[in-house]
Every structure is written in C-alpha cells, then in structure tokens.
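Count the sequence shown with UniProt numbering and you get residues 1 to 487, in order.
Glycine is no exception: its CB is placed at the ideal position from the N, C-alpha and C atoms.
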Amino acid sequence: MTVSTLRKTTSRIPGPWYTKWTSLVLKYYWIRGEKSIYVHSLHKKYGRIVRIGPDEVSVCDIDALKAIYSVKETFRKTPWYRDFVAGIENIFSTGDLDFHRKSRRLLAGPMADSAINELAPRVGGHVDLTIQQMKAESETRKAVDVWKWWLFMTTDIIVEFTFGESFHMLQHGKVRPFALHGILRVQLTALVLQENEYSYFLKNSGIFGIYRSVMPRITQLMSLLPLRSSKTAARAVATMAQAASDGLAIHQKLVEENGTDNVRRTFFTTLFAAEDGSTEVSQRRLVGDGQAFIIAGSDTTANTLTYAVWALARDTSLREALLAELRALPEGWADADLRRCGLLGRVIKETLRVHGVVPEGLPRVVPPGGAALCGFRLDGGTVVSAQSYSMHRDPAVFDRPDEFDPSRWVEPTKEMTDSFMAFGRGSRVCIGQHLAQTELRMGLARFFLTFPNARASTREGMSDEDMVESSYFIMSPKGHRCLIEVD
1 MTVSTLRKTT SRIPGPWYTK WTSLVLKYYW IRGEKSIYVH SLHKKYGRIV RIGPDEVSVC
61 DIDALKAIYS VKETFRKTPW YRDFVAGIEN IFSTGDLDFH RKSRRLLAGP MADSAINELA
121 PRVGGHVDLT IQQMKAESET RKAVDVWKWW LFMTTDIIVE FTFGESFHML QHGKVRPFAL
181 HGILRVQLTA LVLQENEYSY FLKNSGIFGI YRSVMPRITQ LMSLLPLRSS KTAARAVATM
241 AQAASDGLAI HQKLVEENGT DNVRRTFFTT LFAAEDGSTE VSQRRLVGDG QAFIIAGSDT
301 TANTLTYAVW ALARDTSLRE ALLAELRALP EGWADADLRR CGLLGRVIKE TLRVHGVVPE
361 GLPRVVPPGG AALCGFRLDG GTVVSAQSYS MHRDPAVFDR PDEFDPSRWV EPTKEMTDSF
421 MAFGRGSRVC IGQHLAQTEL RMGLARFFLT FPNARASTRE GMSDEDMVES SYFIMSPKGH
481 RCLIEVD
C-alpha cells in the first residue's frame with residue numbers, strides 16, 4: 001500500500017503530509033461546515049494546486065478551472081453528487097451526459113433570460129407581498145428576520161414557476177407545503193411544520209447529504225439503526241421529496257380541472273410532456289428534478305439577498321449611494337430599468353463573490369488518459385475541483401480580496417471575469433441564474449426604497465456570530481436568521 005500510494009501522481013503534488021494517506025481531515029471539515037475555509041487555507045500555504053486527499057486535488061487557477069469545467073465535459077461528475085442527494089437522479093446529480101443534455105435542452109427555453117424577463121412582473125408581485133409581511137413583522141417585533149422572509153419568497157416563486165401554484169408561505173407567514181387550498185392531503189401526518197421548520201429541513205438535508213457523500217458506507221449502516229440522527233435524516237429527505245411530489249400533484253390537479261391547454265406554462269411544462277409520469281421511472285425523474293429545483297431555487301437566492309441586505313445595512317455610505325441610484329428610477333419602474341442600475345448590479349456581483357452560496361469545489365474526475373493541470377500530470381480517476389471561495393479570493397486577481405467593495409466591478413479585468421464562478425461553469429452552469437438575478441435586483445431595490453434606514457439589529461441577541469458562514473455544500477448564516485431594524 002505504501003509503494004502504490006507513493007507511485008500515485010497526487011503524491012508529488014504539494015499538500016499536508018497526511019493527505020497522502022487519508023481524507024479524514026477533509027471529511028472532518030466537511031462535517032463541520034468549514035471545508036471551503038480549510039481548503040482555502042491550504043491554497044494560501046501550498047499554492048495553486050494542492051493535494052487534499054490520497055486521490056483528490058484542489059486547484060485555484062484560471063486555466064485549470066477552464067479545463068475542468070469545459071463545455072465538452074471531458075471531466076465527468078463524480079458519484080459524490082448522487083450520494084449527496086440520496087441516490088436520486090436529477091439534472092444536478094446525474095453523471096449521464098445524455099440524461100443531462102436532454103433535461104437541460106427541455107428546460108433551456110423556459111429558463112432563458114428572455115423568458116424570465118416576461119415573468120418579472122410576477123416576481124415583483126411576490127416581492128411586494130414580502131415587503132408587506134416585513135412591515136407587519138417590524139411593527140410587532142421591532143425588527144425583521146429578512147432571512148426567513150427571503151426564504152419564503154424564493155420558495156414560493158420557484159414552486160409557482162415550476163409547478164403552477166406556490167406553497168403560499170408568504171401569505172400565511174409560515175411554512176405549509178402540504179396544505180394548499182384543499183388541493184392536497186397531508187401525506188406525512190406526523191409533521192407539524194412550525195415557522196422555520198422548512199429551513200430546518202433544508203439545513204438538515206444538506207448536513208446529511210454531506211454525511212452520505214463523505215461517509216456513504218457508515219451512513220448506510222447508521223440508517224439501519226434506531227438512532228435519533230438517522231430518523232432526523234430520513235425525515236429531512238422525506239420532507240423535501242414530499243414537497244416535490246406535492247408540487248407535481250399541484251400541476252396534475254390544475255391540468256385535470258382546467259385542461260392542458262388552459263394551464264399556465266411553467267418551467268416544467270416541457271418536462272411534463274416528455275416525462276408524463278405514467279411510469280414509475282418518469283415519475284421518479286420528475287420528483288428528482290422537482291426536488292433539485294426547489295432546493296436550488298430557494299435558499300441559494302434567499303441567502304444572497306440576506307447577505308446583500310446585511311452588507312448594505314452596515315455601510316451607510318454605500319447604502320446612501322445605492323438609494324440615490326434607485327430614487328432616480330422612473331415612476332412605475334420595472335426590472336428592465338433595474339438592469340441599467342450599475343451600482344445595484346455591482347452590489348449583487350460583489351455579494352456573490354464574497355458570500356458565494358456554493359463555496360466548495362465542484363468535484364470532477366480526471367478522464368482515463370490523465371490530464372495536466374498547473375504543471376502536474378494527474379492519473380485518470382483522480383478527483384479534481386476548483387472552489388469559488390478560493391477563486392474569488394485570489395490576491396493575484398482581486399485586490400484586497402476579503403473586503404466587500406462593489407467598486408472593484410466598475411472596470412473588471414479579464415482575470416476577474418474568468419475567475420468568477422458564483423453560478424458554476426461550463427455546461428453545468430446554474431440553469432436558474434437568470435431567475436436568481438431578477439429576484440436579487442427586484443428584491444434589493446424594493447427593500448431599500450421601502451426601508452431606506454435599514455440597519456443591522458442587536459435585538460434578541462442578534463450579532464455578527466449569527467452571520468458567520470456555514471456550508472454543507474450550500475452556504476447559509478450560522479444562526480439561520482438575520483435581524484434588521486427598518487424603522
């Protein structure tokens with residue numbers, strides 16, 4: 001074993017001595033929600049390419065980034081993704097290129113920028129309702145938990161645009177994904193969802209997804225034991241799957257009541273037509289993609305909105321500059337007007353850089369013939385990745401990389417643009433990025449025009465500690481809240 005380990009090409013790559021023999025330290029930081037911070041510390045010490053496990057390498061290099069995430073998909077996705085989502089095959093987890101290309105082709109039209117632009121007024125309706133609910137909460141609580149309300153908003157939007165009707169979380173101010181105007185019956189009768197329980201399930205889906213992906217055999221064994229953690233994991237997975245199943249039931253009910261031609265088109269209209277749900281396989285695929293859309297389209301954008309509000313609420317001069325730009329908008333402004341707001345766009349981009357919602361590396365497998373990255377030859381089968389957390393903090397590319405400074409994007413260099421990977425890269429780039437950008441623009445504009453004096457709160461023990469980033473693949477604030485005073 002010692003000889004074979006030393007013969008691996010990864011053994012010649014810089015890195016801590018223990019990474020030649022074990023991935024346990026890496027897994028430890030994964031489970032703590034601090035993998036990206038740990039890997040970044042290794043890059044700062046060892047350079048652009050670093051060994052993080054016996055068969056795994058991380059890179060922080062533009063040329064390597066382009067090679068790994070090329071649209072040709074020479075470097076395939078690893079089994080890590082399927083372990084992360086409990087074996088569910090969907091557009092996110094699949095390693096099947098034909099499956100992915102077919103799914104993406106069917107979704108490309110509905111999620112194109114031009115199509116999302118037509119949906120902007122409906123996004124605006126959800127934003128307006130969100131602001132109303134924030135006002136109401138502020139009157140009684142004297143502060144607003146913007147993280148909670150952004151999460152409810154983005155969930156309602158992605159579910160409505162995907163299945164045809166939302167979960168109506170905003171209207172009720174709480175989570176109620178299993179009781180929609182009498183359309184559906186509660187199938188998980190043991191669940192009594194409280195105000196933040198949906199976010200609890202999202203968090204635990206990520207945590208146990210990491211457990212499954214870094215310790216698949218141990219997790220499988222634990223699932224057979226009557227442990228509380230195992231029950232919580234199963235409940236989290238079942239709840240998110242049920243949310244997707246209920247979304248499909250919404251669509252099917254609408255079709256039955258109104259006819260296919262009279263139901264408003266959704267992101268999944270073409271998928272429903274291609275996979276009509278008549279077989280177990282097609283139903284499973286629809287549920288899998290539905291689950292991926294709900295998770296990827298809710299807390300990711302909600303977290304970005306939260307950190308943008310938090311940054312602006314702590315920087316009076318930046319907030320006043322943004323308000324000056326927003327107050328110059330024409331009466332009855334629309335998203336098309338917001339697209340021309342330079343500072344707003346730079347604030348969003350800097351939030352995505354500093355507080356990227358997927359900070360970890362996106363693992364890929366070196367093809368059978370091997371590959372050369374950063375001057376090193378790697379054997380086929382080696383796992384490689386580049387993480388946005390490090391790419392976005394490369395001091396050779398970004399001056400003062402740890403500072404939140406939207407002005408850096410006034411005249412970005414080519415290297416800055418090439419290093420930016422907030423939505424991923426290549427053929428697997430986030431298919432929902434245009435919707436996310438629309439939500440970010442409209443949410444931030446409406447929020448600060450309504451609450452120009454928004455400031456970070458210390459009520460209820462709220463502190464900077466609550467906003468420390470914790471990531472189980474998707475980053476969120478450690479305290480799972482963000483209180484802002486708006487009066």
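By the neighbour-count criterion, in which 16 or more other beta carbons inside 10 Å mark a residue as buried, Lys77 falls on the buried side. No residue range can be given for Ser70, since it is assigned to no alpha helix (DSSP H) and is classified by DSSP as neither H nor E. In the three-state DSSP reduction, Ala436 falls in the helix class (H, G or I).
Non-local beta-carbon contacts of Gly15 in its own chain, meaning distances under 7 Å to residues more than five positions away in sequence, involve Leu42, Tyr46, Val50, Arg51 and Ile52 in chain order.
Of all alpha-carbon atoms in Phe473, Val486 and Gly479, the one lying nearest the alpha-carbon of Tyr29 is that of Phe473. Taking a contact to require three or more Cβ pairs closer than 8 Å, the region 318–326 and the region 412–423 do not qualify as touching. Secondary structure at Pro477: strand, using DSSP grouped into helix, strand and coil.
Linking Gly370 to Ala67 through their CA atoms gives a straight-line distance of about 12 Å. Here Ala273 is exposed. Its C-beta has fewer than 16 other C-beta atoms within 10 Å.
In terms of Cβ geometry, Ile62 and Asp289 do not form a close pair [threshold 9 Å].
By alpha-carbon distance to Leu254, the top candidate from Glu160, His172, Phe447 and Leu338 is Glu160. Straight across, the Cα-Cα distance linking Ser388 with Gln433 is about 16 Å. With contacts defined as CB atoms closer than 9 Å, Trp147 and Ala311 fail to qualify as a contacting pair.
Less than 9 Å separates the beta-carbon of Leu373 from that of Val57.
In the three-state reduction of the DSSP assignment, Ser470 falls in the strand class, which pools E and B. Gly361 sits in a strand when the DSSP states are folded into three classes.
Closest by C-alpha distance to Phe163, out of Gln242, Leu248, Gln133 and Arg104, is Leu248. Looking at Thr10, Asn453, Leu65 and Leu26, the one whose alpha-carbon comes closest to that of Arg425 is Leu65. In the three-state reduction of the DSSP assignment, Leu338 falls in the helix class, which pools H, G and I. For Gly47, DSSP assigns no beta-bridge partner whatsoever. Annotated as proximal: Met475 and Pro359, with beta-carbon spacing under 9 Å. According to DSSP, Lys77 shares a beta bridge with Arg364.
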